Amino acid sequence: MNMASEKAKTELYPVPLTIEGSAVLHQMFRVRWAAWQSVSPEDRKALVNEAATVLGEMEKDGQSALFSLLGHKGDLMFVHFRETFDEVNGAELRLANLKLNQFLEPTASYVSMVELGLYDSSMKAYRMLAEQGVTPHSEQWNQVLEETMERSRQAMKPRLNPKIPDTRYVTFYPMDRRRGEEKNWYVLPMEERQRQMDEHGTVGRRYAGRVQQIISGSIGFDDWEWGVDLFANDAAVFKKLIYEMRFDKVSAEYSNFGTFYLGIRVPAGKLGELMSGMLPEK
Amino acid sequence: MNMASEKAKTELYPVPLTIEGSAVLHQMFRVRWAAWQSVSPEDRKALVNEAATVLGEMEKDGQSALFSLLGHKGDLMFVHFRETFDEVNGAELRLANLKLNQFLEPTASYVSMVELGLYDSSMKAYRMLAEQGVTPHSEQWNQVLEETMERSRQAMKPRLNPKIPDTRYVTFYPMDRRRGEEKNWYVLPMEERQRQMDEHGTVGRRYAGRVQQIISGSIGFDDWEWGVDLFANDAAVFKKLIYEMRFDKVSAEYSNFGTFYLGIRVPAGKLGELMSGMLPEK
Amino acid sequence: MNMASEKAKTELYPVPLTIEGSAVLHQMFRVRWAAWQSVSPEDRKALVNEAATVLGEMEKDGQSALFSLLGHKGDLMFVHFRETFDEVNGAELRLANLKLNQFLEPTASYVSMVELGLYDSSMKAYRMLAEQGVTPHSEQWNQVLEETMERSRQAMKPRLNPKIPDTRYVTFYPMDRRRGEEKNWYVLPMEERQRQMDEHGTVGRRYAGRVQQIISGSIGFDDWEWGVDLFANDAAVFKKLIYEMRFDKVSAEYSNFGTFYLGIRVPAGKLGELMSGMLPEK
Amino acid sequence: MNMASEKAKTELYPVPLTIEGSAVLHQMFRVRWAAWQSVSPEDRKALVNEAATVLGEMEKDGQSALFSLLGHKGDLMFVHFRETFDEVNGAELRLANLKLNQFLEPTASYVSMVELGLYDSSMKAYRMLAEQGVTPHSEQWNQVLEETMERSRQAMKPRLNPKIPDTRYVTFYPMDRRRGEEKNWYVLPMEERQRQMDEHGTVGRRYAGRVQQIISGSIGFDDWEWGVDLFANDAAVFKKLIYEMRFDKVSAEYSNFGTFYLGIRVPAGKLGELMSGMLPEK
Amino acid sequence: MNMASEKAKTELYPVPLTIEGSAVLHQMFRVRWAAWQSVSPEDRKALVNEAATVLGEMEKDGQSALFSLLGHKGDLMFVHFRETFDEVNGAELRLANLKLNQFLEPTASYVSMVELGLYDSSMKAYRMLAEQGVTPHSEQWNQVLEETMERSRQAMKPRLNPKIPDTRYVTFYPMDRRRGEEKNWYVLPMEERQRQMDEHGTVGRRYAGRVQQIISGSIGFDDWEWGVDLFANDAAVFKKLIYEMRFDKVSAEYSNFGTFYLGIRVPAGKLGELMSGMLPEK
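Protein chains in written order, with my numbering: chain A, 1 to 282; chain B, 1001 to 1282; chain C, 2001 to 2282; chain D, 3001 to 3282; chain E, 4001 to 4282.
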């Protein structure tokens, strides 16, 4: 073992491995209710039918979902999970060309990619490579890491390309890790970041069965680093979970949060009910 | 008593218990006065009647209220307190489909849930559990805390599902506890946070009878952590109270405040008067 | 003298007394010049006459004033000083229902209440009460402070309900005292704040006769803590005064400033001239 | 020499003298190209002619200038230099009432007053007054400073009421001196500020002949403290100059910068060419 | 060697040389889909043909490119690389006067100039000049630096005036180096900045062949200091690269990032397909 590997042992390579799955788009729209009111019942029906048919196809296999949003940030939120950004953009263009779109005004969106962070496996791999004195970014190093990621991709395939959970409520929000002058996530040692993420995960796991979480990464795609979707059948649990997590070191000291969107699921088949001013029952 | 409980005694579990009540929505609208001017007196009357009837129903049991806002942030504010977010969304959709809505433009909103923070009971329960050496998140631990919350829910039921107070004035604003690099509420020990909240409450209690306060939590629902509604028959008292509180440690050092909305109550039956350009007398 | 009063002597009660006067509203509007151009001269005249008549009534006793604003933040600013927020809201609704309002677009506003801060009298009263060992918030304590405020209200009545000064220029801006992690106004001792306010006032007094200043408080009413109106017949003096003040400790270290609005007074009777595209001469 | 003057010698009066010249307005507009497309060639010609005539008059003596802006922040920028804010507001109202204004949408503006900072003369005067033991703000003190300013006004008259330079490119941006918790310009000693300004000026002077700079002060008039206009016949030089300056202590540590607007000069006589979609050649 | 050069040796001149190439404009537009829907198929065809012809000409030699954007920040992004800002503005005006522009709404833009930073050559030149005791900004000093830049301009000509790479995906974002109270890029010694830039470049070079990067400088032209365009045929690699770089000292501690735009390339010839609601295949 040489000097370089000694150093490597004490200071691990800092970049955690991640694996990527579905391309994701969240779209928020305000309904132009005033204009919608002037549409005849027959025309409304035709417009809704066209939209419900397209959305119904998209819903298959949990690829897309519609939510009725609370508050003025939007009335509708469409969420799309697809194999590629091309398909996501295709879905977006298809909705944009629906006749119903004449009554929708885009207010927000979020572009991301389902991401699983591999803090544990990364740390193990980096430690092993360091102990073996393998030079970072050498062919051997790259190969070991690629194998690590590939094993995870196989093991976690359903989580990389998830169906949109079929719960009553969703909350979506983007977030960053802080790069403050004193509290800077990106200069913490790998071990400390792994420890904090692990603590954080422990809280999350206590909510298993009550909340499903899907994390998507948006570095390079949108204005925050990650998007978080929480799905549950009891909306109050979102508050409980996020409040409890806020006391975790990683949230308390190293996280910034963006805008929150709270939505209620509306299946394609009930779009007409929603557009006539009634929230469909579960 | 074992080592773990020793530690627990010196460093209490940090997350204060909260209990949740009504789902809440604040909606701010600007009136399209220019368009409204071109409506004939008969049509105005019909539009106002429809809206006043719906709003009148919603007002029953103090579930919804209308306020005339000061300034350009909005002309009208609707506040809704309901059992569930489904009902809140239902109220929102119902208003959106009123004909009067053609003359309303949404400018802001706030989504939250009535919340009572149980700092005192939490601290007592956590201390007792620690002294008894009960492992956090064990079945017994969960049960004790659930009982603590349930007792509070019973004792404070009217405060969890309050009627909207029938005062002349309201001020609404959202707020956060700070997570600054040096001043970070979420890393303070439980005891210190409880002490500051207690000091804060003491100031508030001196205004009992003059100001009614309803706190709602919005973590996971909207962009700030809490919403505050103050109700009074003398608007100047809002300034007095909030200014006095600003010198409390918890406000001075650990609070950020959002946008303030000052409104004057207008009962459904006087909507027509308001829409004809006159503020109804008390 | 007991221990408590000893402590009180060394650390004075921190909240300075304030007395409140007129309710205040600033309203900024952009003129829809394009739409205005298509109005016939006769209709223009009728619209202007109606508006000038209403504004003329409001101008009586210096209660309301119109200013032509510089720049894109607005073309017109209406300032209203009234006894109550009800009357302020009434004035707002009355303007909103003018036919001329079809050509006005609200861009900003500010809601506040004329405020006089009583740092000097507060400190004297708190010192005396402390020396006499009077318990804070006791009946006696409250009575002494209420008397202090009442005396000031009587002595400063004209300043609590001022007429809008009849100068050529106005500048309006909102401001906050800072609550930074290190520089936090609200945790400074009363004596230090009084000292800084006194230094600040000394600068202001050197501009007596050239600038009239009206401070209004907006805690609980709008998004900043105070609004400042400066009135002068020479606009350059605004810059001189505020620049000089910026070197005061209270401005340099403890103040944040919002948006500035510079306006030129236009009497109601000259509204027609302004709306025809000419700034009325003084 | 007494004690007071001793102190004064060691700590100079902190407010640098400034002298003021022309009132300034920058106006940014987006062209409503879609609406413009539907105007007939004859009507276009008439609209352009009216506007070009008015602008042509304003251009005389370098009082106003039109620039074609790059990017979406605006298509046109008008810059006005006038004797008074009344004349500036008059110019603004005149443009607002042009028929061409139906196709312009205001996007931004800046209100300021040409300012020359007299750091060197201020320091000399303050030192002399301190050595002579003259009490600050005494009649004698005021007189000496007024004479200092008057001498500068005479000497620098052309720079106080400059013509808008006739270069091909302009860049405009507003800026502040920082009042951070640690880096606070306004608490630095006069000598240190003078030293930094001098260093800054040295960089600027190396660009003499290639860049003309006009500084205007906006404290009390608009949202930043100063506006900067740079004029050059080679746009790349803006980047070179500002980048080099950014390493000056005063820029690196004590400056915040606002929005930048890059424009290309278009003389009134070539407005028609621009409005037909072609950038006029130099 | 004299004292001055000794100092110069220990503290190098701080401003890195840069060389400039093409003027650059990024334009983001939202499509008015609702209005577009009401256009007849024939008119659509004519509008698309006109636009595609103009865009087709602009595409020659990789001067302009069109991208379909994901999310609500815009539907289309045009990127233009030209010799001068005059040509860039000309391209902008030409697009603004297309009939298709009636259906486009500008949402964002970015103005910059291709820039190559010469940290390595700057440091060598500054060292040499210091060792030779050449006075900064003397004629000799200027000449040596001009020669340094000219050599680089010759050697890197294709990188100064690049063709827009012909990849499927682009991500564009602006960025700043931080000037925080503690972490301030502009006060770091030249050597340290060079070291960090070198580390950063090393990461980038590992992505050679997978990602093409074009940096443009915008100091003096737009609101951030630099714009970054990354081009790739696999969008996920943007996230990988930027995430890895975020752990570099220069990104972790000294960088702020603006809004991210993710786009998919659409050749002029396929504009019709896109405007009919389908993303053209590669």
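Note that the Cβ used here is the ideal one computed from N, Cα and C, for glycine as well. Keep in mind it's a predicted model, so treat the numbers as computed, not measured.
Are the C-beta atoms of residue i and some chain B residue less than 9 Å apart?
i, result
"Arg2151/C", "no"
"Leu104/A", "no"
"Phe81/A", "no"
"Ala2023/C", "yes"
Checking the sheet assignment: what are the DSSP bridge partners for residue i?
i, result
"Trp4226/E", "Met4175/E, Gly4217/E"
"Asn1256/B", "Asp1176/B"
"Asp1212/B", "Reading the sequence as shown, one finds Gln at residue 1212/B and not Asp. Gln1212/B is bridged to Phe1231/B."
"Asn3184/D", "Arg3179/D"
Hey, how far is the Cα of residue i from the Cα of residue j?
i, j, result
"Arg151/A", "Ala4091/E", "50 Å"
"Ser121/A", "Tyr3173/D", "49 Å"
"Tyr2013/C", "Val2228/C", "26 Å"
"Val3187/D", "Gly180/A", "25 Å"
"Gly2277/C", "Phe3085/D", "15 Å"
"Gln3196/D", "Gly3071/D", "34 Å"
"Arg3094/D", "Trp2033/C", "11 Å"
"Gly272/A", "Ala35/A", "16 Å"
"Val48/A", "Leu3098/D", "46 Å"
"Gly4209/E", "Val4237/E", "11 Å"
So the beta strand (DSSP E) residue i belongs to, where does it begin and stop?
i, result
"Ala4264/E", "Per the sequence presented here, residue 4264/E reads as Ile, with Ala not at that position. From DSSP, the beta strand (DSSP E) with Ile4264/E extends over 4261-4265."
"Thr1107/B", "1104-1117"
"Ser2064/C", "2064-2069"
"Val79/A", "76-82"
In terms of residue numbering, what span does the alpha helix (DSSP H) encompassing residue i cover?
i, result
"Glu4050/E", "4041-4059"
"Leu3025/D", "Counting along the chain, Leu3025/D falls outside any alpha helix (DSSP H), though it belongs to the beta strand (DSSP E) covering 3018-3031."
"Leu3095/D", "3085-3096"
"Val1015/B", "Val1015/B -> no alpha helix (DSSP H), and no H or E assigned at all."
"Thr1148/B", "1139-1155"
"Ile4242/E", "4236-4246"
"Val1203/B", "1190-1205"
"Gly2272/C", "2271-2275"
Does residue i get closer than 9 Å to chain E when you measure Cβ to Cβ?
i, result
"Thr3259/D", "yes"
"Val3031/D", "yes"
"Pro14/A", "yes"
"Arg3206/D", "yes"
Leaving aside the five residues before and after residue i along the sequence, list all residues of the same chain whose C-beta is less than 6 Å from its C-beta, in chain order.
i, result
"Arg3168/D", "Asn3233, Arg3265, Lys3282"
"Val1088/B", "Ala1023, Leu1025, His1080, Arg1082"
If you drop the 5 nearest sequence neighbours on each side, which residues of the same chain put their C-beta closer than 7 Å to that of residue i?
i, result
"Thr4135/E", "Trp4141"
"Leu3274/D", "Ser3068, Val3266, Pro3280"
"Val2111/C", "Leu2025, Ser2218, Phe2221, Asp2222"
Taking 9 Å as the threshold (beta carbon to beta carbon), is residue i in contact with chain D?
i, result
"Ser2109/C", "no"
"Asn4161/E", "no"
"Met4058/E", "no"
Measure from the C-beta of residue i to each C-beta in chain C and report whether the shortest distance is under 9 Å.
i, result
"Phe1078/B", "no"
"Val3211/D", "no"
"Ile3215/D", "no"
"Asn3097/D", "yes"
Please go through the same chain and pick out, in chain order, the residues whose beta-carbon is closer than 8 Å to the beta-carbon of residue i, but skip the five residues on each side of it.
i, result
"Glu2115/C", "Thr2018, Ile2019, Glu2020, Gly2021, Ile2215, Ser2216, Gly2217, Trp2226"
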